[in-house]
Ligand code: X8Z
Ligand code: ZN
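Numbering (our numbering), first residue to last: 3 to 662.
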């Protein structure tokens, strides 16, 4: 999703530090009420974009609720202009990575930041005024609108922007050149498509992340897996020093807004205090932790059969390179190694997608068809004209999947390098969920054009994808043999648990690490140690070779250098089961929760549309209650969904010593 900057905070990847600094320093905006005119300021280049509040509100004037109303109305008009320019430039930059598109994207991002800094400062004068609920909520959301708040000093803002740009760029361009005679080169050499990338030298070219990710998903060659993992984690040490400075400068910005640090700002977006939110995340995880540990125990035993006890020890954390995913965040790719019952039906549509010659467009059309089956609107024609579905061969693009509404009024798009796999079919539904959310709240004022919270936005498409049951896939011709009976159920739920349950500690720990970093609890000299302490304590995994403070492993996960908060995904993995259960109850589904599909049900569609239409206009517990009747987030729906698997798992591990 793009709108709340989940997939990039700073679109201008790759711009030189000096160039960004030059673009920013001239402005002088933000520090005072009326920034001195300057040649680089957005308001000078774009007539009409002067912050209206700056002209109309003097710091010492008496303020009134009417004035606040006018101020916010003007700010929303202007913000929308700044954000549309930023989205347009960001779209170009991530679809055509060149020096110039990066420069333009960085500039529009900087302009939006400067504007936001000025108006958040001005908005302080309305603090303490008695305002109606919607207006007060808008002022609150205005304060929370920047994921990375600009420091008060323009020179520092320039420096921060330059660092953030550089970090994202470093990740986006990273490549690894496999060792001359290594197992990885041998494995990748089997695919002729890799030949050009393999004609590399250390530090000069190499294979990109998608190639390494695919290798980790499909290969069982331990040596190749190990090198792919180590190779990718070798891209991030150069980020370490810059990251420490970004933390320092970001915290400066957070303090300008009255927050203790950036983590506190991020945790303030959930209609409760930051401390309450942290406790809330702990409470949620405590509900599902025993289940995760049971799954871990079972998977470890099966991996030990594959890779041997020397590698996968008893009571030891699982080596991170053996779980089918670069970050060990979801484990669906090792399903063939851990399948509970052989020959009990299919749970994966990949083979059929390939056999039936699905292409990128057909995959996307299939996703849309699910949403329209619910009575939701078709995607606009411009979606099909403007989206990127296929990885271009002739230019650099950011392949990390994202969804957009460039104009905040139905200019919907996705940008995704679609592969014909079961996993990507799920991701298409995830991305379209963002698009449908954009569509249904498009008539809200711009500050309310967000999810009820960011976890809701991440959960929408995943909720739909929970209805991609084996029965649905069979109905549309993508599965031959249904997993039937108790054994089929266990197989299907195992596949789902490898994606959904395995993810939970990962979804939580990324921001736990960042919250502690921003709060100064984890100083720069302990970045990697703290990272692996969390990874081991929560996920029960270990790096395939010793790590040190020479490494910077958090930087090898997109959302860290790209400054995208991550706890939203953790929340989404709870919400989606709550949404699914509520919809299934509403449509009168009989039988276990995991067999329910809302496909074709207009009543379910209308319930979802009603929630989406609200945008962020209400506190999220109200949006949750409207859809589910529940007043708080909870693991109970997730646990209900997986109950049959859990019973089986417990029997399997009864004789084993679990834990790590
Ligand atoms: O980043 C994403 C989406 C874009 S919002 C593709 N996800 C997280 C990740 O890839 O780490 C979806 C699940 C978690
Ligand atoms: Zn998303």
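C-beta: ideal position from N, C-alpha, C; glycine also. Since we're looking at a predicted model, the values are computed, not measured.
Range of the contiguous alpha helix (DSSP H) that encloses residue i
i	result
residue 489	487-502
residue 445	Run containing residue 445: none; DSSP gives neither H nor E here.
residue 466	456-467
residue 626	622-630
residue 109	101-125
residue 76	67-97
residue 478	Here residue 478 belongs to no alpha helix (DSSP H), and DSSP marks it neither H nor E.
residue 142	135-145
residue 329	No alpha helix (DSSP H) contains residue 329, which DSSP labels as neither H nor E.
residue 241	It is not in any alpha helix (DSSP H) - residue 241 carries neither H nor E in the DSSP assignment.
residue 237	Unbroken run through residue 237: none, as it is neither H nor E.
Contact test: residue i Cβ vs the ligand ZN heavy atom, cutoff 8 angstroms
i	result
residue 107	no
residue 323	no
residue 463	yes
residue 432	yes
residue 405	yes
residue 460	yes
residue 436	yes
Cβ-Cβ distance between residue i and residue j below 9 angstroms
i	j	result
residue 317	residue 662	yes
residue 78	residue 408	no
residue 110	residue 84	yes
residue 260	residue 162	no
residue 224	residue 325	no
residue 434	residue 466	yes
residue 219	residue 186	no
residue 601	residue 474	yes
residue 651	residue 300	yes
Residue i: CB within 8 angstroms of a non-hydrogen atom of the ligand X8Z
i	result
residue 333	no
residue 439	no
residue 453	no
residue 423	no
residue 509	yes
residue 300	no
residue 524	no
residue 579	no
residue 505	yes
residue 173	no
residue 429	yes
residue 329	yes
residue 560	yes
residue 474	no
Candidates the options: closest to residue i by CA position
i	options	result
residue 582	599, 444 and 438	599
residue 635	370, 584, 249 and 483	584
residue 517	240, 254 and 268	268
residue 190	557, 213 and 402	213
residue 374	136, 607 and 614	607
residue 2	266, 285 and 286	Because the chain in this structure spans residues 3 to 662, residue 2 falls outside the shown range and cannot be described.
residue 482	349, 161, 645 and 270	349
residue 263	614, 170 and 152	152
residue 485	70, 343 and 271	343
residue 488	596, 410, 386 and 523	596
residue 441	363, 462 and 427	462
residue 87	589, 113, 362 and 96	113
residue 603	122, 372 and 615	372
residue 194	203, 182 and 209	209
residue 165	139, 131 and 243	243
Residue i, buried or exposed, once every other Cβ within 10 Å from all chains shown has been counted against 16
i	result
residue 642	exposed
residue 60	Residue placement at residue 60 cannot be trusted, given a pLDDT of 46 that sits under 50; what the coordinates show is reported in the next sentence. By the 10 Å Cβ count, residue 60 comes out exposed.
residue 469	buried
residue 55	Confidence in residue 55 is poor, its pLDDT being 37 and thus under 50, which makes the residue's placement unreliable; the coordinate value appears in the next sentence. The residue in question, residue 55, is buried, as its Cβ has 16 or more Cβ neighbours within 10 Å.
residue 345	exposed
residue 653	exposed
residue 664	Nothing about residue 664 can be read from this structure; the chain reaches only from 3 to 662.
residue 167	buried
residue 545	buried
residue 578	buried
residue 270	buried
residue 657	exposed
residue 417	buried
residue 288	exposed
residue 574	buried
Residue i - containing beta strand (DSSP E), residue span
i	result
residue 407	404-407
residue 416	414-417
Chain B contact for residue i (CB, 9 angstroms cutoff)
i	result
residue 446	Considering every chain present, this structure includes no chain B. It has just one protein chain.
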